[in-house]
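Chemist: Here it is, the structure, as structure tokens.
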Amino acid sequence: MLKSFVLVISFSCLFHQVFSQSASCPSENGWLFFSNKCYKYTAFPRLDQPAASAYCADNGATLLSVNSLEEHNFVAGWLQTNDMRRESWLTSGITTNAGIRWLGDGTGGALEKWIPNIGPSRNAEGFRVVYNYTGTEYLWATSQGSVAFSFICEISVNEVYRILQQKRDFDYGLNIDNPGLAPKGPSFIFQPQDTVVLQKKISSITLDCMAQGNPQPTYDWMKLDRENKMIPLTPGNRYSFTTGYLEITEPTVIDEATYQCKAKNEYGLIISSSATLSFGELGEFSNVNPAPVNGIEYDGAQLECPYIIGRPAKNYQWYKNDYTSFVRPEFQIHTFISANGKLYFSELAPSDVGEYYCLVELASLSKSNSIVASQVESRTSLPFRLNVVSGAGSQFQPKIQNDFIFIFPPTPTKGDTVRLECFAYGTGPLVYSWSREGGKSLPNNSTLKFNNRILILQDVELVDGGKYTCKVHSQKTNLDDSRTIELTIQAKPYFTYPLTHQHVDVGSQLTWHCEADGRPTPTYQWYKNGEILKSSEGVLVDVNTLTITAVDGKRDNGMYQCAATNRYGTTFTSAQLRVLELAPSFEKNPMSKIQAGSIGGNVTIICDPIAAPFPTYTWLKDGSNLNLVPGAPGDHYRVLMNGNLLIQGIQQSDKGKYTCQVENKFGKTEDHTSLEVYTNTVLSRTPSDQKVMVNGTVELQCQASHASDIDMVYIWKFNDHVIDYIIEPEYRLGEGIQKGSLYILPAHFDNEGMYTCLPTTGMNQMSASAFVTVYGPPGEPAGVYTPLRTVIKSDDSALINPNTSRYIIWTDGDSRGSIITDYYVEFRTNFDMRWRTHPDGNKIPQAITINDMYPDKRFARLTNLKAGASIQFRVKAVNIHGIGAPSLPTAEIYIPGSQPSQLVTNVRGGGGSVGDLTVLWDPLPKEDHNGENLKYKVSWRTLQAGGQSDTSKWRTVIVAHDSACRNLPDFKTGLVYVCKYVEQVGQQMFYTPYQVTIQAINDYGEGPVTPEAVVMSAEEMPIGAPESVKAKPYNGTALMVTWKPVPNTRESVRGKIKGYKINYWNKTNEVEADARQNIIELKPGQTNLDRGLIIGLEPTIWYNFNVQVYSSAGNGPKSSTYDQQTWNRMASQYPTEVYVYSIEGFGVRVNFRGISTQKREEPLLGYKVQVWKAYENLHSAREVDFGMLSTGVIRNLSSSELYQLRIFAYSRAGQGKRSSPSVYFTVGDGQIQINAETTDIFAGVSLLKPSLITLFIISVTFILFNLNF
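Encoded structure:
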């Protein structure tokens, strides 16, 4: 016998409930009533959490939330009685640091029914709650959300209509056959992304935002101001808006901000996810020479790259002696370069001796949209000298170093590329291997690099978290070492169950639910038409659930958004609410005029009018009222809760005309079906053609009427092949009275085609077919090519450059149910393989792509193509549903060479030896050479307007691209691919301004000339020294040094001041050669300095010091030497016996025992009290000065907060130690002693009995603390 792949759970044992209860839930569809809710248990197909949520949502329901002991007992009891397979059953519960949260209804869980000894640990976040059988009963356990389980759905009886009503789209109630053409509010196709600029100058930046809707949405942009408020941007100045795109011309760091897009039409408004625009920054290394590193042969060693500011991220490389000899760990296997910047040697050898340079490059984060120059900015450190002395040839066991296992990035988030690094000292060869806890295999997205020392996880997911072990084995010593680390994946919220559009009857209840995952667990916020939605009369906002008790069109129509937020950002899901008021009509869904039934069999007569609100149903046979109540049980005639008529045990007398009368407050209508009765098996319901939006749900009905003693099996074919429900899980068979129906969830484009239902008995087989059309974004255009002739007959070739212009021809792909409105044309060259939208191909309207010469094709003209390059093109089509997939690329076409068309960029210079004029510029990218033999014309003259001297005349030199442009190492600029020309202008011309221009030239001619840039010739050593150097104690361990600064002039500095160096040493037991140095750099905007702080000194010690200025050319002469003594030590003791008492007026009184100073400690100046909200950081503390008193009052505190308090003494030597531990208190109850780890109040030690409100404040505070920290 043919097998059905759907396990149908029988509810027959529960049909004996009182009718008033069971009638509230559609039991014919497998729903069960309990305490004003309907429940459905689905054993098969087993689904993971996102799929199970979507399955429940298809009926308007959610996964189970357990809110009471009675509900738990009901669920566990049903499973105990009916689940003979003892499956695990998925709920909506998720573990958080604050306990269980039921995502189905947004409630927290006070009830706990865990299997003994396997409940979640306190810090276990993000695990799913499932019912497991213990051997005697069903209790709770945890599991990953990615595991497939049986599951339980639930829905309020007030919303059972969502199970019963037909699937609705935007064409419901409208005289439109294609939902894609129906009016609808905006929905985003793509939203702005975080963008980081990694080049110094850029002409413009574009943030993308595009939405679909009917009518087409319009856009507004907002920017976050300093008060953390979104303010609207207006076009003009440097901002321009183009169909959703925000273009910022000549952007600088003042444009660093968070931006957000709004899309709106007459049906509502939605806001996009926010995007941060930032500019990369790379500081400079210190110019203090690093100390040499001395190692012993056969031992391990490490070189630490000096700290350097760099954002958003940095990449590290090392080279030895010169930039042509980079350290290559994949070949030099005893070396390793970590993402922390350090260079490691597992076993030193004499060949490792040399000078090592750390090269740092500015980098972007893996998930940011980066705008990068042809060569990213970098810096090179001063050299590290590595010396290796001879050692005994011993053999050493492998030893994994303390820095490892190192995880990069240190706090990985979902979607990141994560590196797990492992490195050991020891005698090689060393063999590395990786494993996971519990014998789990390494993730599918993992790769190993550098002799398995790095485990890389691409596009990491939450399930990739857990314990990883690195094992190192020495093949020479046959000894091992291993280390294990816990990998925790954080995640910006992402929706496992997004909002879906709602088309709801006026006056009915709507419960709208969204569900997001994330680490930490996200919080939720609701919006309507871009404004925060709060609870009001008839509207309840409860975490991730929005309930409207009786929807009203005037109040509730619009666009709604659910926002999920954690520390990593906010994600939105959007949907539209349509409140419907429609008189009943059979115009779209007329009843079948003839329906067949078999004697002894069953038949369902469908009555499915368009109506809102849900109508009342009256059934008549041959004009006589059958007096049936929907949902009531019956042996022969039965009206189902959706209004359909079920006839069981058909008799010959059932033949006749059946009329369905429907009525609501807006009208009344009727339609009819004639039932024919046969003695053989017949098809009583056949599938009809369906149209569905991609990712929507399709229901194909099929039912055979047959005698009750005949077994009936339903087989479905798709395009003549039998559907396998195991390997094609999007297909599901109906249950109960829907047995025989086929559901497609979700429907994809490859599900479009002919479906055939084959009801089969042992004696015969019937068939009926229907075609399913899936609509959505257009299919990929076909036949894209570049013709050899012009497309436009009237095209005037004099108006365009035919050498750098081409026409693109293509044929439309499948429109997927909606008219194609626009096209994008993208290109790439053999020099740059990134696909980019051509300026002439950016959202081309469909109307201008039609041409008489090619009536069945489309065309576009692209100008200013890259000369001298081979180019490919591809096309994307757009309709109201979004942007379709790209076409296949064209064959490569060669664009003839031409003179350079692009300006040389970033002309600058300076530095070098005295007498040099050094000019630098960025090389033209290869695809902008426009031909062979690129050269640059460099022109310069002194900046003397109208001068007649010889140096004020323009001088010129032509240099070849290949000889002028190369990787150049430099302490200031790092290793960069840059073009450089040096002209000898003479030592007397030190630090002199010159005007410089650059022009690109190739074999076809000259390109444009750059604007004149000012470049300074090289600096000379400073000759001025600071004067009037003095110092005074700053505290017990620091001195403030002051001086009369060196004039920042060409004559004194002979260049530009970079800062000052303070040299200092212990006057008693050190000499100047032992001096330490404090380097104080000028900050942006500063032109000089007259003071600097020396820290880290010993108390009560005399120090000598002098000061010197420095520039890029070197150090100036030192000042005279001066001396100064530091103060005594700060207080070493801290206040004790701290007590807090409440007083009237939102304040507290603080009492404490003070301290006494010890020998060589400065006299006290007083005490300060620090007080801050318990869930905030100490850095936010408010300080109150009590002077020398040991008691005082603190006012202006909130009565709804839990506070922490600490006290310290201070003197002119600085701040002493703080009292410990922190004292906790609330206004009204005073001091409360709390275990900060468990949040428990210690028994018997509170100064005052805490009130209920205090207990509530403490609970909320520690929840907030755990969420934030």
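For the sequence shown, the positions run -20 to -1, 1 to 1249 when mature numbering (1 follows the signal peptide of the UniProt record, and there is no 0) is used. For every residue, glycine included, the Cβ atom is placed at its ideal position computed from N, Cα and C.
#1: Going along the chain, which residues of its own chain have a beta-carbon closer than 6 Å to the beta-carbon of residue 665, five neighbours each way excluded?
#2: By alpha-carbon positions, which one of 1195, 917, 79 ends up nearest to residue 899?
#3: Which of the three DSSP states, helix, strand or coil, is assigned to residue 382?
#4: So, at 6 Å on beta carbons, what are the nonlocal neighbours of residue 39 in its own chain, with the 5 sequence-adjacent residues on each side left out?
#5: Could you check whether residue 501 and residue 253 sit closer than 9 Å to each other, using their CB atoms as the reference points?
#6: Are there 16 or more other CB atoms within 10 angstroms of the CB of residue 391, so buried, or fewer, so exposed?
#7: Considering only residues of the same chain and omitting the five flanking positions on each side of residue 429, which have a CB-CB separation below 8 Å?
#8: Jot down the residue ranges of each uninterrupted beta strand (DSSP E) in the region 161 to 218, minimum 3 residues, whole runs only, in chain order.
#9: Confirm, please, whether the CB-CB distance from residue 602 to residue 636 is below 9 Å.
#10: Name the DSSP bridge partner or partners of residue 258?
#11: Would DSSP call residue 142 helix, strand or coil?
#12: May I have a chain-ordered list of the beta strand (DSSP E) segments no shorter than 3 residues that lie completely inside the region 454 to 542?
#13: Am I right that residue 168 and residue 191 are in contact with their C-beta atoms under 8 Å? What's the rounded C-beta distance?
#14: Any idea what DSSP makes of residue 1119, helix, strand or coil?
#15: Are residue 1168 and residue 1142 close, meaning C-beta to C-beta below 9 Å?
#16: Decide if the region 269 to 286 is in contact with the region 329 to 342; the criterion is three or more beta carbon pairs, one per stretch, under 8 Å apart.
#17: Helix, strand or coil: how does DSSP classify residue 739 here?
#18: Quick one: grab the DSSP three-state call for residue -7.
#19: Which one of 259, 1036, 1094 has the shortest CA to CA distance from residue 237?
#20: If contact is defined by three or more beta carbon pairs under 8 Å, each pair taking one atom from either stretch, is the region 380 to 397 in contact with the region 358 to 365?
#21: Only counting runs of 3 or more residues, tell me where the beta strand (DSSP E) segments fall wholly within the region 640 to 674, in order along the chain.
#22: Considering only DSSP beta bridges, list what residue 1111 is partnered with.
#23: The alpha helix (DSSP H) spanning residue 60 covers which residue range?
#24: Could you check what DSSP says for residue 819 in three-state terms: helix, strand or coil?
#25: Since I believe residue 546 is in contact with residue 472 (beta carbons under 8 Å), could you give me their beta-carbon distance rounded to a whole number of angstroms?
#26: Let me check understanding here. Comparing Cα to Cα, which of 1094, 482, 1045, 418 lies closest to residue 1075?
#27: Please tell me whether residue 478 and residue 553 are closer than 9 Å, where the distance is taken between their beta carbons.
#28: Just checking my contact of residue 678 with residue 724 at CB under 8 Å: how many whole Å lie between their CB atoms?
#29: Within the same chain, show all residues whose beta-carbon is closer than 7 Å to that of residue 985, passing over the 5 residues directly before and after it, in chain order.
#30: Return helix, strand or coil for residue 311, following the three-state DSSP convention.
#31: Among the residues of its own chain, which have a CB less than 6 Å from the CB of residue 432, if the five just before and after it don't count?
#32: State buried or exposed for residue 1217, treating a residue as buried only when at least 16 other CB atoms are found within 10 Å of its CB.
#33: I'd like the ranges of any beta strand (DSSP E) spanning at least 3 consecutive residues and lying wholly in the region 953 to 984.
#34: Suppose the cutoff is 8 Å on Cβ atoms and the five residues either side in sequence are ignored; what does the same chain contact list for residue 1062 look like?
#35: DSSP on residue 697, reduced to helix/strand/coil?
#36: List the DSSP bridge partners of residue 1086.
Modeler: Quick answer:
#1: 681, 683
#2: That would be 917, whose Cα lies nearest to the Cα of residue 899.
#3: coil
#4: 143
#5: no
#6: Exposed, because fewer than 16 other Cβ atoms sit within 10 Å of the Cβ of residue 391.
#7: Contacts found: 310, 436.
#8: Correct list: 164 to 170, 175 to 177, 184 to 187, 190 to 194, 198 to 204, 210 to 212.
#9: yes
#10: 176
#11: Here DSSP, grouped into helix, strand and coil, assigns residue 142 to helix.
#12: 460 to 467, 471 to 477, 482 to 485, 490 to 493, 495 to 499, 503 to 508, 519 to 522, 525 to 528
#13: 5 Å
#14: strand
#15: no
#16: yes
#17: strand
#18: Low confidence applies to residue -7: its pLDDT is 29, below 50, so where it sits in the model is not reliable enough to give any reading.
#19: 259
#20: no
#21: 647 to 658, 662 to 665, 670 to 673
#22: DSSP output for residue 1111 lists no bridge partner at all.
#23: 49 to 62
#24: helix
#25: 7 Å
#26: For residue 1075, the nearest C-alpha among the options comes from 1045.
#27: yes
#28: 4 Å
#29: 879
#30: Of the three classes helix, strand and coil, the one that applies to residue 311 here is coil, per DSSP.
#31: Apart from the 5 residues on each side of it in sequence, residue 432 sits with its Cβ closer than 6 Å to the Cβ of 412 in its chain, given in chain order.
#32: Low confidence applies here, because residue 1217 scores a pLDDT of 41, under 50, leaving its location unreliable and the question unanswered by this model.
#33: 956 to 964, 973 to 982
#34: Counting only Cβ-Cβ distances below 8 Å, and skipping sequence neighbours, we find 1037, 1038, 1039, 1068, 1069.
#35: strand
#36: 1043
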